[in-house]
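The numbering of the sequence shown is the numbering used here, which starts it at 68 and goes up by one. Notes to accompany the following structure.
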Amino acid sequence: MSVKVNEQFYAYSSDEAIKEQGEYGGVVTTIMKSLLETGAVDAILAVEEGFDLYDAVPTLITDPEDVIKSAGSIHCGTLNLAKPLSKYLNGAKDLKIAVTCKPCDAMTIRELIKKGKINGDNVLLIGVNCGGTMPPVATMDMIRDVYELDPKDVIKEEISKGKLIMETADGEKGIKIDELEAQGMGRRENCQRCDLKIPNNADLALGNWGVIGPLAGKATFVEVCTEKGAEILGKVIDEGLIVTEEPIEKGVKIRENVNNFMLKESLHKKEEDYAGTTGDILDVLNKYKEDLSKCIKCYGCREACPLCYCEDCCLEAEGPEWVPGGQIPTAPFFHLTRMVHMADACTNCGQCSEVCPSEIPVAKIWSTVNNKVRDIYGYVPGRSDDVPLPFTEHPL
Ligand code: SF4
Ligand code: SF4
Ligand code: SF4
């Protein structure tokens with residue numbers, strides 16, 4: 068079947084067992100399994116449930132029978148797969164790898180492809196919609212204290228119609244997500260600001276938004292985003308592995324509305340977060356000087372950032388002596404240096420904030436600067452391959 072870029076489908080697996088076990092008709096699982104079985108890729112990089120629902124573990128799958136283990140979404144999966152792909156899998160230079168990715172994984176992978184750290188020819192991006200992810204420990208506390216449930220009893224959590232819903236064997240309990248977030252709970256603060264919820268920067272964008280009618284809950288909405296994505300989908304349809312139907316027009320509209328609603332909320336959050344500064348690097352440093360003064364120079368943010376990639380980091384104590392006596396750089400220099408390195412590329416993935424022991428809102432700080440770069444150069448990181456890097460196009 069000839070599949071074209073921008074085409075949209077309702078789809079489900081023709082394999083009854085996968086349909087049963089995989090989420091929303093098992094499309095992601097079926098595509099991944101087929102990619103491995105046909106040798107189109109050597110491995111799948113995905114996330115699977117570890118100890119429990121709050122433990123998201125990155126996993127490299129090479130046996131098609133293991134793909135099913137990564138089925139389902141884990142909202143406490145706050146990791147970004149660009150890091151293991153570039154750092155531990157040699158940037159897919161030796162293996163062809165398909166990645167199940169959230170929009171921020173896909174954005175960051177695209178930026179690393181441009182920087183020559185990932186071989187884009189060897190990577191397939193199977194994107195999944197993302198309304199946001201939540202920090203695991205704080206989420207367990209919230210389930211205990213606010214939902215008055217035992218986190219161990221929760222079998223599924225989802226965001227639907229503005230509510231964060233916890234499902235147990237006894238039923239569902241939902242609380243308005245904006246009420247939770249106003250009290251510092253719910254999604255990570257970078258997710259509340261995130262302005263890409265449907266990963267149309269991947270090869271395929273999949274999710275359950277907009278699937279209505281007889282297939283509601285039993286099929287996935289698939290959008291074809293690239294020629295690579297069209298080829299993958301065409302093959303699984305031809306092999307009889309995936310059944311497709313034309314989406315219901317009203318469903319297409321609902322998907323758009325869900326997306327637009329979330330983007331509107333993100334815009335409010337961005338306005339709030341970026342207020343009180345011009346976005347210029349020194350002004351941002353000044354605004355956050357009190358927060359940054361708490362920095363203990365653990366270098367955690369640098370280590371966690373998937374886009375902070377220099378092999379010989381000039382911030383190492385053994386490197387240039389930033390401070391007489393060979394001390395590690397003082398806080399403003401440390402952050403100033405990282406800001407300059409990240410200014411054009413920060414994808415607001417939140418990894419730096421996740422690890423900061425001093426609870427400095429580092430992702431908010433870097434994304435404030437990046438937002439200014441977006442305004443000046445019109446360059447939004449991670450959306451496409453063919454837009455030149457602003458600092459390449461306009462050398463400073
Ligand atoms: S930053 Fe965006 S894509 Fe990434 S986890 Fe948060 S909401 Fe999802
Ligand atoms: S600076 Fe933080 S938010 Fe930006 S790309 Fe790096 S880890 Fe992600
Ligand atoms: S993670 Fe936090 S404390 Fe550690 S170096 Fe970064 S900003 Fe400083």
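A virtual CB, placed ideally from N, CA and C, is assigned to each residue, including glycine.
Can you tell me whether residue i is buried or exposed? The criterion is at least 16 other CB atoms within 10 Å of its CB, across all chains shown.
{"i": "R211", "result": "exposed"}
{"i": "M68", "result": "exposed"}
{"i": "A149", "result": "buried"}
{"i": "G89", "result": "buried"}
{"i": "V204", "result": "exposed"}
{"i": "H335", "result": "exposed"}
{"i": "C368", "result": "buried"}
{"i": "Y155", "result": "exposed"}
{"i": "E290", "result": "buried"}
{"i": "N349", "result": "Here residue 349 turns out to be Leu, not Asn, going by the sequence shown. So L349 counts as exposed."}
{"i": "A236", "result": "exposed"}
{"i": "C377", "result": "exposed"}
{"i": "V407", "result": "exposed"}
{"i": "D220", "result": "exposed"}
{"i": "C143", "result": "buried"}
{"i": "G417", "result": "buried"}
Going by beta carbon distance, what residues of the same chain come within less than 6 angstroms of residue i, once the five residues before and after it are set aside?
{"i": "N73", "result": "none"}
{"i": "H461", "result": "In this predicted model, H461 has a pLDDT of only 48, less than 50, meaning its place in the structure is not dependable enough to derive any value."}
{"i": "V325", "result": "W276"}
{"i": "M252", "result": "M209"}
{"i": "S153", "result": "L179, K184, I185"}
{"i": "K223", "result": "E234"}
{"i": "S451", "result": "none"}
{"i": "P131", "result": "K100, L103, E104"}
{"i": "V422", "result": "G367, A371"}
Tell me the residue span of the alpha helix (DSSP H) that contains residue i.
{"i": "I176", "result": "170–181"}
{"i": "K356", "result": "356–359"}
{"i": "M207", "result": "203–212"}
{"i": "V464", "result": "Residue 464 falls outside the range modelled here, since the chain spans only 68 to 463, and no answer is possible."}
{"i": "E370", "result": "367–371"}
{"i": "E378", "result": "First-last for E378: undefined, no H or E at that position."}
{"i": "Q259", "result": "256–260"}
Is residue i near ligand 4, with its Cβ less than 6 angstroms from a heavy atom?
{"i": "V94", "result": "Questions concerning ligand 4 fall outside what the structure shown contains, since the ligands it does hold are ligand 1, ligand 2 and ligand 3."}
Among residues of its own chain, excluding the 5 on either side of residue i, which ones have a beta-carbon nearer than 8 angstroms to its beta-carbon?
{"i": "G117", "result": "A123, V124"}
{"i": "A84", "result": "none"}
{"i": "V303", "result": "T97, I98, S101, I309"}
Which stretch, first to last residue, makes up the beta strand (DSSP E) that contains residue i?
{"i": "L334", "result": "Taken as a continuous stretch (DSSP letters only), L334 belongs to no beta strand (DSSP E), being part of the alpha helix (DSSP H) at 316–341."}
{"i": "V436", "result": "Careful: V436 lies outside any beta strand (DSSP E), inside the alpha helix (DSSP H) at 429–444."}
{"i": "P125", "result": "123–128"}
{"i": "I242", "result": "238–243"}
{"i": "E115", "result": "110–116"}
{"i": "V195", "result": "190–195"}
Which of the three DSSP states is assigned to residue i in this structure?
{"i": "F46", "result": "The chain is shown from 68 up to 463; residue 46 falls before or after that span and cannot be answered."}
{"i": "T311", "result": "strand"}
{"i": "K302", "result": "helix"}
{"i": "K163", "result": "coil"}
{"i": "T96", "result": "helix"}
{"i": "E225", "result": "strand"}
{"i": "I232", "result": "strand"}
{"i": "Y383", "result": "The amino acid occupying residue 383 in the given sequence is Glu; Tyr does not appear at that position. Three-state DSSP puts E383 in coil, outside helix and strand."}
{"i": "L425", "result": "Here the sequence assigns Ser to residue 425, which means Leu is not the residue at that position. Looking at S425 - three-state DSSP - the assignment turns out to be coil, as it is neither helix nor strand."}
{"i": "S80", "result": "strand"}
{"i": "L152", "result": "helix"}
{"i": "L271", "result": "strand"}
{"i": "V407", "result": "helix"}
{"i": "L102", "result": "helix"}
{"i": "I141", "result": "coil"}
{"i": "I279", "result": "coil"}
{"i": "Q418", "result": "helix"}
{"i": "L463", "result": "With a pLDDT of only 39 at L463, under 50, the local geometry of the prediction cannot be trusted, and the value read off the model is given with reservation. Of the three classes helix, strand and coil, the one that applies to L463 here is coil, per DSSP."}
With a threshold of 7 angstroms on Cβ separation, who are the neighbours of residue i within its own chain once the five nearest residues in sequence on each side are excluded?
{"i": "G343", "result": "K354"}
{"i": "D305", "result": "M68"}
{"i": "E178", "result": "L374, A412, T414, P448, G449"}
{"i": "L463", "result": "At L463 the pLDDT is 39, less than 50, meaning the model places this residue with poor confidence; the figure from the coordinates comes in the next sentence. Answer for L463: no residue qualifies."}
{"i": "D270", "result": "L191, L192, I193, C292, T293, K295, G296, I299"}
{"i": "I141", "result": "V114, E116, L120, A123"}
{"i": "V94", "result": "A78, Y79, S80, L273, T287, V289, I309"}
Quick test of the definition: if touching needs 3 or more C-beta pairs under 8 angstroms, does the stretch 108–121 touch the stretch 153–165? As far as the Cβ criterion goes, the stretch 108–121 touches the stretch 153–165, which means the pair count is three or higher.
Three CB pairs or more closer than 8 angstroms across the stretch 357–371 and the stretch 418–435: The stretch 418–435 and the stretch 357–371 touch, with three or more beta-carbon pairs separated by less than 8 angstroms.
Indicate whether the contact test is met: 3 or more Cβ pairs, each with one atom in the stretch 293–300 and one in the stretch 223–230, closer than 8 angstroms. The stretch 293–300, when compared against the stretch 223–230, does not touch it at the 8 angstroms Cβ threshold.
Count Cβ pairs between the stretch 300–320 and the stretch 396–411 that sit closer than 8 angstroms; are there 3 or more? No: the two stretches stay apart, fewer than three of their Cβ pairs being nearer than 8 angstroms.
Determine contact between the stretch 245–259 and the stretch 282–292, defined as no fewer than three beta-carbon pairs at a distance below 8 angstroms. The stretch 245–259 makes no contact with the stretch 282–292: fewer than 3 CB pairs, one atom from each, lie closer than 8 angstroms.
Are there three or more Cβ pairs, one per stretch, closer than 8 angstroms when the stretch 259–271 is compared with the stretch 325–340? Touching, yes.
Segment contact flag, the stretch 175–192 with the stretch 153–160, C-beta cutoff 8 angstroms, min 3 pairs: Verdict: yes, contact present.
Contact between the stretch 243–250 and the stretch 131–149 is defined here as three or more beta-carbon pairs at a separation below 8 angstroms; is this criterion met? No: fewer than three Cβ pairs fall under 8 angstroms.
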